[in-house]
Every structure is written in structure tokens, then in C-alpha cells.
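In case it helps, the numbering used here puts the sequence shown at residues 6 to 467.
The C-beta atom is built at its ideal place from N, Cα and C for all residues, glycine as well.
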Amino acid sequence: MGGYSWGSAFDSKSGQMIMVALLLMKHIDSYPGRLLPFLTSIYTFTNKVALAYRQTPIVIPESGMNVCPLKFNEYIPCHDVAYVKTLFPSLDLSRREELERHCPPLEKRLFCLVPPPEDYKLPIKWPTSRDYVWRSNVNHTHLAEVKGGQNWVHEKDQLWWFPGGGTHFKHGAADYIERLGNMITDDTGGILIKEVNRLLRDNGYFVYSSPPAYRKDKDYPLIWDKLVNLTSAMCWKLIARKVQTAIWVKQENESCLLHNAEMKQINICDTVDDMKPSWKTPLRNCIPRSAQTNPQKLPPRPERLSVYSKSLRKIGITEEEFSSDAIFWKNQAGHYWKLMNINETDIRNVMDMNAFIGGFAVALNSLPVWVMNIVPMSLNNTLSAIYDRAFVSVPHIAFDSESYQDYNVQGFIIIRDEESITSRVQHLAPKFLWEVESHVLENKEKKTETVLICRKKFWALV
């Protein structure tokens, strides 16, 4: 069977791949008035429509990646309800583990492009998209029937209208908030709020809005007392309690934690490598000690973006490297927008798939974009440096074919790497219904390298 091996194209050993994914929101006139989908030709492709599953080794047909039948237009990889139900006996349903990502064995995973629904239209541009979505893009009329009374969503001509001020919770927001509050002080000894403590930076805030914060009936006072005892044991300080909301601040107080541990109010966690990813790691019913001694006081943004932090020094980044990285990515961001030939406001969401120390996100700081910084687990862990710049960042194992669904129609992926890698990508991308343009830019060492501008085509099954 003719085809192309997937693994040989994407198992890059160079560790140099820089991948920037930009999710495009194409311009559409604001509503009310003329709100029409951006007119563009729908691409005609040679890919076969056929249900396909993963094989070993993976092979891409010469005609292109197979397209799943139309009935799979809402398929979400690793969130197959039928498969998850078979796992129920091994899941903790009280913690809603069934809603987490659960991937079936490789041979049972779909390996075809998920098609858009019938009459799919290009998404409406932000900020209008906060209130309006094309009805044909999410064509479930039952939504309005079920949620109409909650003022969450209504049909409005060709659109779903989200008026705001309503609730999308089955029994109302009050019931939902009450259940959240009970989870924090459940029979597990407050393990969930202890996990919040692990994630929360020193001097960070925890905002709690739930009936125990203000109601005196039922068992709410008892729940409130449990919560106060837990937060006090973790050395949090209650700084505000008004109407139905309470706010705590996590204090920098190592001596307080050690004292409370001696008093048997909390357990201090055994030392572990906190730099390792925590995904699929069981929650621990204990409090970790602060990873830093004499943590650096960082200024607010935007000054914080250009501060050479202790974290940078700890991971081996010099001040000169820090400064040159910022200059390099400022220049590259300008080149990228010119190569994509779009307006600054056409991009809303960005994923930097090899963020290093967040230089690209800093370069985009003046633009109206939201950036998710990704640190590949195969490279040095630089998450702490990115966090110190007040950016969001997560570790990531691999970029796979299932990520195809993450990008809006006519969104972009920018790839730069060694010629051996970019040439393979350039060959494969059209098989996934992406357009590819090849350009040349200078890298940090002032050497030229290939830069691919890939754009997801607007296509549909007709």
C-alpha cells in the first residue's frame, strides 16, 4: 500500500523544532446589521471519506489523510463517551474522573480527519463571538429548548445568542456552587483545597463563593468552620468576607507551616521533584514546603516581562541570553505577521509549542492575543522562568495528528527547524488539507533556516 510514514516525519531528534500555532478569527461584520459568513471557496480534495483506525507503523495514504464520515463531526479524541463508560468501575466518579481525558488503545483510535458539520461557517470574530455563534456550526436546537428558561442561549435567526446573566447549570448556579463548596471540605480531608495550595503561588489569592461563606442554615456553618480550619492550618489569611464571597491570601510563612505540622494540624509532604509533570499523578493529602528560599519580589506587568529573575539564573540562562532572546523574538513576530499577510487583530489565540523562556509571548504583549506557552518535556524545564514573567505555561509530551482539531479553519501553524524536518512537513501538510508556504529567516545564530507558514483549509463534505 502506498503512503508515507508518519513517525519518520515528526519524531524529530534535533530538539530544535519551533512550532507556533495561531488560531485565526476571520473578520466578519458586527451584529446587529449585516452578519454574514466570510465568503470563500470551499476546497475540493482528493482525500477519501473512510473510517480509519490507527495502525503500526502509521501510514498516510498517497491520496491524503482519510476523512471521517460526516456523522463523526463532533468526535473528540480520547473523550469517547462509550469507551469511558467501560472504565467506570476503575474511576472515582465523585471527583468526575469520567470527564478527564481517557485514550483507548492505539488500534481503537480513529485516524481520520474530523469533518466540519453541514453548512459550517467561519467563526465570528472576537469580541462579537462572546455573544453570537453560527447555529449551523453547533446545530443542536435542543440547546435552546433546555437552556432557554435559564437565559443562557436563545435562537436568533441563523445564530445562537448568549445574552449573559443566565446560567448553564442544570439546577441553577446556586446548586452548582453549593456542590463545589461541599467538594472542598469533603470526607477526603480537604485534599482538593490542598491541591489548590500546591498550585497557588505565594501571595496568590483564593476566592470562594459558596453558601457556607454566608448562610447560617443547614450544615453550612459546620462546613465553613472546616474550611477556616483547613486554610488556617495551611497558613492562609482570610482578608475579606462580604455578601457571599470570601477571599484568602496564601502567605509566605514557612515557620507557620512547620509549627502547624508539629501541632499535627497538617502533614508536610515528603520531598519530591516538583519539576516533574503532575498529570496522572495521584493527589497527595499533605502540604508541600516552599520550593524557594527568599523568593524574589517581582514587579507587576509590564515591567515584570523584562526582569531577569532568579529562576532564569537557576536554569542557566545568562542576562545576555535573556536580552538577546527578547530582541530576537520581537523581530520574528514582525516577520511572521508579514508572511501571514493578515492584520494584527486577526489573531486571537496563540500556542507557542516551544516557548523556552516566553520570549515570543513577550513580543506579542502589545497585541490583543492570548498566549499559551508550551514547554516540551524532551527539553529543559523552563516553566519557572515563564511563570515569573506572569505567563500561562504547561509541559507537553508530543504534538500529534489529533491536534489537527485544535485549530480554527484558516488558522496558521508556523514551523521552523532543520531542512530534513521541514521538507517532510512540507510533503505531509497538504495530505492533512493544509496550505504550505516556505520562507527563509535568520535564526539566533544568524544562520538561515526554513520557515513554513501552514494554513488550515476551509473544506467540507458535500
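Buried or exposed by the 16-neighbour rule on C-beta atoms within 10 Å, applied to Lys484: Summary: the structure shown does not reach residue 484, with the chain confined to residues 6 through 467, and so no result is reported for it.
What does a CB cutoff of less than 7 Å around Ala149 pick up in its chain, not counting 5 residues either side in sequence? The count along the sequence shown starts at 1 and reaches residue 149 at position 144. Here the set comprises Val158, His159 and Glu160.
Pull up the DSSP beta-bridge partners for Glu160, would you. Numbered from 1 along the sequence shown, position 155 holds the residue referred to as residue 160. Note: Glu160 is bridge-paired with Trp165 in the DSSP secondary-structure output.
Apply the 10 Å Cβ neighbour rule to Cys83 and answer buried if 16 or more other Cβ atoms are within range, or exposed otherwise. One-based indexing of the sequence shown puts residue 83 at position 78. Answer is exposed; the Cβ neighbour count stays below 16.
Going along the chain, which residues of its own chain have a beta-carbon closer than 6 Å to the beta-carbon of Asn265, five neighbours each way excluded? To locate residue 265, count along the sequence shown from 1; it is residue 260. Apart from the 5 residues on each side of it in sequence, Asn265 sits with its Cβ closer than 6 Å to the Cβ of Ala238 and Ile271 in its chain, given in chain order.
Quick check on the DSSP output: what are the complete alpha helix (DSSP H) runs of length 4 or more inside the segment 265 to 346, in order along the chain? Within the segment 265 to 346, the complete alpha helix (DSSP H) runs of at least 4 residues are 315 to 319 and 324 to 345.
Go ahead and pull the three-state DSSP assignment for Thr453. Residue numbering aside, residue 453 sits at position 448 when the sequence shown is read from its first letter. Note: Thr453 maps to strand in three-state DSSP.
Return the residue from the list Glu440, Ala465, Trp464 and Val467 that minimises the CA-CA distance to Leu457. The residue given as residue 457 occupies position 452 in the sequence shown. The shortest C-alpha separation from Leu457 is found at Glu440.
Within its chain, find whatever has a CB closer than 6 Å to the CB of Lys451; leave out the 5 residues flanking it on each side and keep chain order. Sequence index remark: in the sequence shown, residue 451 carries index 446 (1-based). If we look at Lys451 and ignore the five residues flanking it on each side, it has no Cβ neighbours.
Range covered by the beta strand (DSSP E) that runs through Thr250: What you label residue 250 is simply residue 245 of the sequence shown in a count that begins at 1. Counting along the chain, the unbroken beta strand (DSSP E) around Thr250 starts and ends at Thr250 to Lys255.
Just confirm the distance between the C-beta atoms of Asp357 and Ala368, as a whole number of angstroms; I'd bet it's less than 8 Å. Against the sequence shown, residue 357 aligns to sequence position 352. Against the sequence shown, residue 368 aligns to sequence position 363. Contact between Asp357 and Ala368 is absent: CB atoms are separated by about 10 Å, not below the 8 Å threshold.
What do you reckon, is the C-beta of Val151 under 8 Å from a heavy atom of the ligand FMN? Inclusion of the ligand FMN in the displayed structure is not the case, the ligand content being empty and no account of it being possible.
N- and C-terminal bounds of the beta strand (DSSP E) containing His401: Numbered from 1 along the sequence shown, position 396 holds the residue referred to as residue 401. Per DSSP, the continuous beta strand (DSSP E) segment holding His401 begins and ends at Ser398 to His401.
Take every Cβ of the segment 420 to 438, pair it with every Cβ of the segment 307 to 316, and state whether three or more of those distances are shorter than 8 Å. In short, these stretches do not touch, since the Cβ pair count stays below three.
With DSSP run on the structure shown, which of helix, strand or coil describes Ser117? Taking the sequence shown and counting its residues from 1, the one referred to as residue 117 is at position 112. Correcting the residue type first, residue 117 is Cys in the shown sequence and not Ser. It is coil, neither helix nor strand.
Among the candidates Ile228, Glu257 and Lys231, whose CA atom is the shortest distance from the CA of Lys242? Within the sequence shown, numbered from 1, the residue matching residue 242 stands at position 237. Nearest C-alpha to Lys242: Glu257.
In angstroms with no decimal places, state the Cα-to-Cα distance between Thr91 and Arg106. On the sequence shown, residue 91 is found 86 positions in, with the first residue counted as 1. On the sequence shown, residue 106 is found 101 positions in, with the first residue counted as 1. So the two alpha carbons sit approximately 14 Å from each other.
Under 8 Å, with one C-beta from each stretch per pair, do the segment 342 to 361 and the segment 379 to 387 reach the 3-pair mark? The segment 342 to 361 makes contact with the segment 379 to 387, as at least three CB pairs between them are under 8 Å.
Please identify the residue among Phe116, Ala87 and Pro300 whose C-alpha is closest to the C-alpha of Val64. Counting from one through the sequence shown, the residue named residue 64 turns up at place 59. Of the listed residues, the one whose Cα sits closest to Val64 is Phe116.
For Val119 and Cys73, which I take to be in contact (beta-carbon distance under 8 Å), what is that distance rounded to the nearest angstrom? Translated into the one-based positions of the sequence shown, residue 119 becomes position 114. Translated into the one-based positions of the sequence shown, residue 73 becomes position 68. A Cβ-Cβ distance of about 5 Å is found for the pair Val119 and Cys73, placing them in contact under the 8 Å criterion.
Report the rounded CA-to-CA distance for Lys269 versus Pro217, giving the unit in angstroms. Within the sequence shown, numbered from 1, the residue matching residue 269 stands at position 264. Within the sequence shown, numbered from 1, the residue matching residue 217 stands at position 212. Their backbone Cα atoms lie some 25 Å apart in a straight line.
From the DSSP output, which residues share a beta bridge with Trp375? In the sequence shown, the residue the question calls residue 375 occupies position 370. For Trp375, which the question treats as bridged, DSSP gives the partners Asn354.
Taking a contact to mean a Cβ-Cβ separation below 9 Å, would you say Lys319 touches Ser389 in this structure? Within the sequence shown, the letter at position 314 stands for residue 319. Within the sequence shown, the letter at position 384 stands for residue 389. Contact flag set, yes.
Terminal residues of the continuous alpha helix (DSSP H) containing His432? The residue given as residue 432 occupies position 427 in the sequence shown. Its alpha helix (DSSP H) spans residues Glu424 to Leu433.
What does a CB cutoff of less than 7 Å around Val397 pick up in its chain, not counting 5 residues either side in sequence? Taking the sequence shown and counting its residues from 1, one reaches residue 397 at position 392. Beyond the five residues adjoining it in sequence on each side, Val397 comes within less than 7 Å, by CB distance, of Met377 and Asn378 in the same chain, given in chain order.
Return the first residue and the last residue of the alpha helix (DSSP H) that Leu227 is part of. Position 222 of the sequence shown, counted from the start, is the residue given in the question as residue 227. Annotation: the continuous alpha helix (DSSP H) that includes Leu227 extends over Tyr225 to Ala238.
For the beta strand (DSSP E) containing Arg246, name the first residue and the last one. Counting from one through the sequence shown, the residue named residue 246 turns up at place 241. Taken as a continuous stretch (DSSP letters only), the beta strand (DSSP E) holding Arg246 covers Trp241 to Lys247.
Please list, in chain order, all residues of the same chain as Thr453 whose beta carbon is under 8 Å from its beta carbon, the five residues on each side excluded. Stepping through the sequence shown from its first residue, residue 453 is reached at position 448. The beta carbon of Thr453 sits closer than 8 Å to the beta carbons of Val445, Leu446 and Glu447 from its chain, once the five residues preceding and following it are set aside; these are given in chain order.
To which residues does DSSP link Lys90 through a beta bridge? Mapped onto the sequence shown, residue 90 falls at position 85. For Lys90, DSSP assigns no beta-bridge partner whatsoever.
So the alpha helix (DSSP H) Leu388 belongs to, where does it begin and stop? The residue given as residue 388 occupies position 383 in the sequence shown. Taken as a continuous stretch (DSSP letters only), the alpha helix (DSSP H) holding Leu388 covers Leu388 to Asp393.
If you check the beta carbons only, do Pro295 and Thr250 fall under 9 Å apart? Counting from one through the sequence shown, the residue named residue 295 turns up at place 290. Counting from one through the sequence shown, the residue named residue 250 turns up at place 245. Just to set this straight, residue 295 is Ser in the shown sequence, not Pro. Taking 9 Å as the Cβ cut-off, Ser295 and Thr250 do not qualify as a contacting pair.
Extent of the continuous alpha helix (DSSP H) run through Glu349: The residue you call residue 349 lines up with position 344 of the sequence shown. No alpha helix (DSSP H) holds Glu349; DSSP gives it neither H nor E.
Excluding five sequence neighbours on each side, which residues of the same chain lie with their C-beta closer than 8 Å to the C-beta of Leu438? The residue you call residue 438 lines up with position 433 of the sequence shown. Contacts found: Tyr48, Phe50, Asn52, Gly69, Met70, Leu118, Lys461, Lys462 and Trp464.
Alpha carbons only, please: which of Ile196, Asp85, Asn234 and Thr387 is nearest the one belonging to Glu103? Position 98 of the sequence shown holds residue 103. Measuring from the Cα of Glu103, the nearest candidate turns out to be Asp85.
Report buried or exposed for Cys108, applying the criterion of at least 16 other Cβ atoms within 10 angstroms of its Cβ. Along the sequence shown, read from residue 1 onward, the residue named residue 108 stands at position 103. Exposed.
Leu334, buried or exposed, once every other Cβ within 10 Å from all chains shown has been counted against 16: To locate residue 334, count along the sequence shown from 1; it is residue 329. Per the sequence presented here, residue 334 reads as Trp, with Leu not at that position. Burial check for Trp334: the Cβ neighbour count within 10 Å reaches 16 or more, so the residue is buried.
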